[in-house]
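As structure tokens, the structure follows; a few thoughts come after it.
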Amino acid sequence: MLKAFETSVNLQNWDLGRRPTLLAVSGGVDSVAMARLFAMKGYPFAMAHVNFGLRGKESEGDEVFVRGLAKELGVEVFVERVDVGGYRRANGISVQMAARELRYSFFRRVMRERGFERLATGHHANDNLEHFFVYLYRGNTAVAWRGIWQEQGDVVRPLLGFLKSELEEFLVAGGWLWREDRSNGGVGYLRNKVRHFVMPGLDDFAKEFYGLSMRKQQTLRGWRAQQMGLWDEHCEESDGGVWVPSVYLTLADESYWVDRLMGMGFSLSQLKQARENHRAGAKYEGVDRTLWVGRGGWMVRGKVLESAVAHTLEWIDGGVMHWGGYRIETKKVALNGEGLLERMLLESPDAYYFGMGIESKAWVVRGWVNGDRMEMFGGGVKKLSDVFVNEKVESFVKPFVPLVVGSMGVLCALGLKRSAGYPVLEGDSMCWELCWERL
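Numbering (this note's numbering) for the sequence shown: 412 to 850.
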């Protein structure tokens with residue numbers, strides 16, 4: 412096993428012996444075998460583990476096991492505990508998607524802060540064949556036959572050519588333990604159904620398919636690099652989702668963006684319909700996300716499983732509240748006798764300033780409701796829907812813009828516009844700062 416592992420790694424020219432690698436280690440057979448192989452080869456590495464807390468004592472046991480493994484191997488381990496449920500609700504995505512995003516966010520942060528150039532995951536040949544059947548079932552034959560990428564940017568998968576049974580035999584022969592995740596025994600997810608009802612007895616085909624998929628990937632690397640460059644150049648994360656402009660859809664190879672968006676949970680027929688639909692506001696519901704057709708492209712964002720409800724905003728110095736993925740804070744600011752001038756200097760894209768006395772009124776933070784109005788500077792009242800149009804806010808973004816609302820109407824729409832209410836006046840010695848950040 413060790414010799415086969417060394418040969419496989421050398422063929423990829425990853426130079427794992429020179430540059431430290433961060434290993435994603437769950438405690439399962441694949442990641443534990445990967446850590447043992449790295450240690451036996453003397454490759455420099457550290458381990459990263461995420462405790463999702465979804466399986467109670469079993470999750471705690473996984474963390475204890477991984478910490479013990481790191482101590483035994485004499486390597487550093489980074490552990491993160493995350494709130495999957497809270498993240499899922501805040502971003503409107505499934506538990507699986509939330510766990511994946513939290514996991515890779517943690518890995519990326521460790522890599523950035525500690526200088527790791529590569530991340531290694533323990534995907535093996537059986538995972539690769541499961542991937543084939545899952546995408547074949549979804550109708551995406553191109554992704555099915557390509558298989559799991561063995562190298563994807565700074566992520567490498569050194570065990571992709573090995574069967575799970577080979578990894579188990581390797582650990583048993585060494586007298587080494589691993590952890591079993593009982594949730595893998597369920598059949599609630601498509602991948603688990605494939606694993607339990609399709610995969611048994613197909614180890615020979617898994618090996619054969621590994622060779623087929625690697626040859627396919629070799630022919631796709633140059634094309635894929637070009638297409639990834641186009642995506643990175645034109646598409647950007649925005650308002651909690653991904654904005655895909657029309658110009659990108661025109662320039663890019665359709666098979667690439669179809670592949671990418673099908674990977675986000677949309678069907679081929681949905682994407683074809685969206686391509687022909689130019690009606691702004693049209694939407695298509697995927698597995699975990701919604702695709703909205705906008706005036707200049709598409710917005711792909713997580714489904715809103717639970718709408719953010721209205722919360723009371725209390726004007727407390729240093730007070731903090733959360734709404735819809737935003738952290739909102741209120742502070743008192745001393746103006747030192749330079750009221751209006753100081754306010755103008757303080758104004759920023761992520762803060763508004765209001766005169767004292769605002770704390771005596773009742774305010775709530777909520778989303779947009781048809782009929783909302785705002786008092787404008789210079790006089791007059793304008794419908795908030797018209798403000799959104801002027802600010803070029805797409806229809807699918809409106810419900811997610813935090814509004815501070817009171818009896819006078821909308822005080823402000825965070826990040827877009829504030830009303831004329833409660834201005835800071837010249838000569839004021841104090842004012843209130845309302846600031847926010849998107850989490």
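Ideal Cβ placement from N, Cα and C applies to all residues, glycine included.
Just checking my contact of residue i with residue j at CB under 8 Å: how many whole Å lie between their CB atoms?
i           : j           : result
residue 776 : residue 815 : 6 Å
residue 419 : residue 611 : Residue 419 to residue 611, Cβ: 25 Å. No contact.
residue 558 : residue 620 : 7 Å
residue 624 : residue 533 : Wrong, their Cβ atoms sit about 17 Å apart, outside the cutoff.
residue 415 : residue 435 : The pair is not a contact, with the Cβ atoms about 21 Å apart (cut-off 8 Å).
residue 486 : residue 457 : 5 Å
residue 530 : residue 461 : Contact doesn't hold; Cβ gap of about 13 Å is too wide.
residue 832 : residue 819 : 6 Å
residue 571 : residue 561 : 5 Å
residue 476 : residue 438 : 5 Å
residue 677 : residue 659 : Contact doesn't hold; Cβ gap of about 16 Å is too wide.
residue 691 : residue 705 : 6 Å
residue 785 : residue 798 : 6 Å
residue 810 : residue 779 : 6 Å
residue 606 : residue 469 : About 19 Å separates the two Cβ atoms, so there is no contact after all.
Does the Cβ of residue i lie closer than 8 Å to at least one heavy atom of the ligand GTP?
i           : result
residue 581 : As far as ligands go, the structure on display features none, and thus does not contain the ligand GTP.
In the DSSP assignment, what residue or residues form a beta bridge with residue i?
i           : result
residue 842 : 744
residue 848 : 738
residue 724 : 774
residue 394 : Residue 394 is absent from the structure shown; the chain starts at 412 and stops at 850.
residue 733 : 738
residue 563 : 566
residue 690 : Bridge partners of residue 690: none, in fact.
residue 784 : 794
The beta strand (DSSP E) with residue i in it runs from where to where?
i           : result
residue 544 : Premise fails: residue 544 lies in the alpha helix (DSSP H), 536-548, not in any beta strand (DSSP E).
residue 460 : 456-462
residue 531 : 529-531
residue 653 : 652-656
residue 792 : 792-794
residue 762 : 762-765
Starting from residue i, trace the alpha helix (DSSP H) both ways and give me its first and last residue.
i           : result
residue 788 : Unbroken run through residue 788: none, as it is neither H nor E.
residue 670 : 665-673
residue 420 : 413-423
residue 680 : 679-687
residue 516 : 506-525
residue 779 : First-last for residue 779: undefined, no H or E at that position.
### Message
Counting beta carbon pairs with one atom in the stretch 692-712 and one in the stretch 814-830, are three or more of them shorter than 8 Å?
### Response
no
### Message
Threshold first: 3 residues or longer. Then list the beta strand (DSSP E) segments lying entirely within the stretch 803-841, N to C.
### Response
814-817, 820-824
### Task
Indicate whether the contact test is met: 3 or more Cβ pairs, each with one atom in the stretch 612-619 and one in the stretch 502-513, closer than 8 Å.
no
### Task
Count the C-beta pairs between the stretch 477-484 and the stretch 622-638 that are closer than 8 Å, then say yes if the count reaches three, no if not.
no
### the stretch 567-581 in contact with the stretch 645-661 per 3-pair CB rule at 8 Å
By the Cβ rule, the stretch 567-581 does not count as touching the stretch 645-661, because fewer than three pairs are nearer than 8 Å.
### Meets three-Cβ-pair contact criterion under 8 Å: the stretch 764-771 and the stretch 793-806
no
### Query
What residue ranges within the stretch 568-649 form continuous beta strand (DSSP E) runs of no fewer than 3 residues, ordered along the chain?
647-649
### Query
If you scan the stretch 425-501 from start to end, which runs of the alpha helix (DSSP H) of 4 or more residues do you find wholly inside it?
Runs of the alpha helix (DSSP H) spanning 4 or more residues and lying entirely within the stretch 425-501 occur at 440-452, 468-484, in chain order.
### Query
Taking contact to mean at least 3 C-beta pairs separated by less than 8 Å, is the stretch 492-500 in contact with the stretch 526-542?
no
### Query
How do the stretch 422-434 and the stretch 448-457 stand: do at least 3 beta-carbon pairs fall below 8 Å, yes or no?
Cβ pair count under 8 Å is three or more, so yes.
### Query
Okay, do the stretch 837-845 and the stretch 736-744 touch, 3+ Cβ pairs below 8 Å being the bar?
Yes: at least three Cβ pairs fall under 8 Å.
### Query
Counting pairs of beta carbons, one from the stretch 667-680 and one from the stretch 549-557, are three or more of them closer than 8 Å?
yes
### Query
Quick one: any contact between the stretch 727-741 and the stretch 682-692, if contact means 3 or more CB pairs under 8 Å?
no
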